[in-house]
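Residue numbers (full-length UniProt numbering): 1 to 426.
Glycine residues also receive a C-beta, built at the ideal position from the N, C-alpha and C atoms.
Structure below.
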């Protein structure tokens, strides 16, 4: 999907703010104090992004918003926004031909469809960052045993083989593994890559330990349908205890607030009047489901704050369930229609740490951003704060779904709001 289009705002007086919900296409408030002029400030977002057309052989550095990235280095990140904002499967069929697959089988085999892998491979930020991390650090792969968890088409395994790996074990539980085996053979890596079909928790590797684990395990909202549990299992069972490497090894999730009234009206408030009929019960359901979509960086009205830090070398399965308090500072006078979550990942076990960001200020990735719309809009003035707490845990009935609770408290000039909001990402 294309990013939401920014529409210039008309000025709104202080008195109007107190009594009026913004009409369609109103985007930014010019003042909260009479005669006070405000200017857009950019949130101090962080992380790296691969520039279009670059490759590991031609790219000297990978860049993030000015400031400190999660790797601790000074980096910058180029955006493709119009105003050039800178910022940091498993097939189970019985012998008689009947289909004996369970819901889990159907879920895993959904990852066998080529379109899913096409989307991921065409995500240049994702794929080129992995390529750079591997090919610019061949010394970590030379003559080493590599485990690729959730190998898909085998792209990361082939990067590792190109980097000089002694052998790569590529594991995937969906039937894409059958195609990966053909792809590996077609590209001349049959002697270097062994494709294994099955769940990482159930397979046997022909080796006792591996030197490096590579995986693209992240999901929407970093944790949704992610393979983090599987990475932790593989790490604890096979990764060498001394100098073991995981690619990537760091992840951080952030939250900020956005003005996104046009889209909220189109996707949520739409249900209040459908061809003259009140379908608001569905509106209530829609509000509880976070939206995974691209949001324009110009819609972000607060700074961003981290809510989750993961070190993949040491994290535990229980870390998928987390709680965090946060405080967001308004960077301009505007409405707030929702919270926006995004994440960044980094490869820090290398000479020159690199990574990528799914920030709305950086280039598009297939992870997009995750938007939590509020039932009522807020009005914030520059410098005011939105205090909050977020709790996230896997759903008891379906661990792949996430139950997310957000408590917000605002005590501003025009908005006073304290409420707990419950969402389910599914």
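Less than 8 Å between the beta carbons of residue 300 and residue 258, yes or no? One-based indexing of the chain shown puts residue 300 at position 300. One-based indexing of the chain shown puts residue 258 at position 258. Yes, Cβ-Cβ distance for residue 300 and residue 258 is below 8 Å.
For residue 285, count neighbouring Cβ atoms within 10 angstroms of its own Cβ and tell me buried if that reaches 16, exposed if not. Counting from 1 along the chain shown, the entry for residue 285 is found at position 285. Exposed.
Specify the secondary structure class of residue 279 as computed by DSSP and reduced to three states. Here residue 279 is taken as the residue at index 279 of the chain shown, counted from 1. The answer is coil: DSSP assigns residue 279 none of H, G, I, E or B.
Short check: CB of residue 350 to CB of residue 137, under 8 Å? Along the chain shown, one-based indexing puts residue 350 at 350. Along the chain shown, one-based indexing puts residue 137 at 137. Between residue 350 and residue 137, the CB-CB gap stays under 8 Å.
Please state whether DSSP places residue 284 in a helix, a strand or coil. One-based indexing of the chain shown puts residue 284 at position 284. Residue 284: helix per DSSP, three-state reduction.
Grouping DSSP H, G and I as helix and E and B as strand, with all else coil, what is residue 385? Locating residue 385 in the chain shown gives position 385, where the first residue counts as 1. Secondary structure at residue 385: strand, using DSSP grouped into helix, strand and coil.
Three or more C-beta pairs below 8 Å linking the stretch 377-388 and the stretch 404-423: Three or more beta-carbon pairs drawn from the stretch 377-388 and the stretch 404-423 are found closer than 8 Å, and the two stretches are therefore classed as touching.
Ends of the alpha helix (DSSP H) at residue 182? Your numbering for residue 182 matches position 182 in the chain shown. In this chain, the alpha helix (DSSP H) harbouring residue 182 covers 176-186.
According to DSSP, is residue 253 helix, strand or coil? To locate residue 253, count along the chain shown from 1; it is residue 253. Three-state result, residue 253: strand.
Output the boundary residues of the beta strand (DSSP E) element that contains residue 149. Numbered from its first residue, the chain shown carries residue 149 at position 149. First-last of the beta strand (DSSP E) with residue 149: 145-149.
If you run the structure through DSSP and keep just helix, strand and coil, what is residue 299? Locating residue 299 in the chain shown gives position 299, counting from the first residue. If DSSP states are grouped into helix, strand and coil, residue 299 belongs with the helices.
Is it buried or exposed for residue 281, if we count other Cβ within 10 angstroms and need 16 for buried? Within the chain shown, residue 281 is the residue found at index 281, counting from 1. Of the residues assessed, residue 281 falls on the exposed side of the cut-off, its CB having fewer than 16 other CB atoms within 10 angstroms.
Limits of the alpha helix (DSSP H) - the one that residue 130 falls within: Start at 1 with the first residue of the chain shown, and residue 130 comes out as number 130. Element bounds for residue 130: 124-135.
What is the C-beta distance between residue 180 and residue 172, in whole angstroms, given that I count them as a contact (C-beta under 8 Å)? By 1-based counting over the chain shown, the position of residue 180 is 180. By 1-based counting over the chain shown, the position of residue 172 is 172. Rounded, the Cβ-Cβ distance is 7 Å, consistent with contact.
Residue range of the beta strand (DSSP E) that includes residue 421: In the chain shown, counting from the first residue as 1, residue 421 sits at position 421. Counting along the chain, the beta strand (DSSP E) containing residue 421 begins and ends at 416-425.
Compute the Euclidean distance between the alpha carbons of residue 230 and residue 407, then round it to the nearest angstrom. For the purposes of this step, residue 230 is taken as the residue at position 230 of the chain shown. For the purposes of this step, residue 407 is taken as the residue at position 407 of the chain shown. A straight-line Cα-Cα distance of about 31 Å links residue 230 and residue 407.
Curious, which full-length beta strand (DSSP E) runs of at least 3 residues does the stretch 341-382 contain? Complete beta strand (DSSP E) runs here, min 3: 354-357 and 369-380.
Considering Cα atoms alone, identify which of 224, 393 and 206 is closest to residue 342. Against the chain shown, residue 342 aligns to sequence position 342. The residue with the shortest Cα to Cα distance from residue 342 is 224.
Would you call residue 296 buried or exposed, if buried means 16 or more other Cβ atoms sit within 10 Å of its Cβ? Taking the first residue of the chain shown as 1, we reach residue 296 at position 296. In summary, residue 296 is buried, with 16 or more beta-carbon neighbours lying within 10 Å of its beta-carbon over all protein chains present.
Collapsed DSSP secondary structure at residue 163 in the structure displayed: By 1-based counting over the chain shown, the position of residue 163 is 163. Residue 163 carries a coil assignment under DSSP once its states are collapsed to helix, strand and coil.
How far does the alpha helix (DSSP H) with residue 263 in it reach, from first residue to last? In the chain shown, the residue the question calls residue 263 occupies position 263. Element bounds for residue 263: 261-267.
Could you tell me how far apart the beta carbons of residue 307 and residue 253 are, in whole angstroms, since I believe they sit closer than 8 Å? The sequence position of residue 307 within the chain shown is 307, counting from 1. The sequence position of residue 253 within the chain shown is 253, counting from 1. That pair is a contact at about 6 Å.
CA nearest to the CA of residue 331, picked from 227, 369, 386 and 322: Position 331 of the chain shown, counting from 1, holds the residue named residue 331. Here the closest residue by C-alpha is 386.
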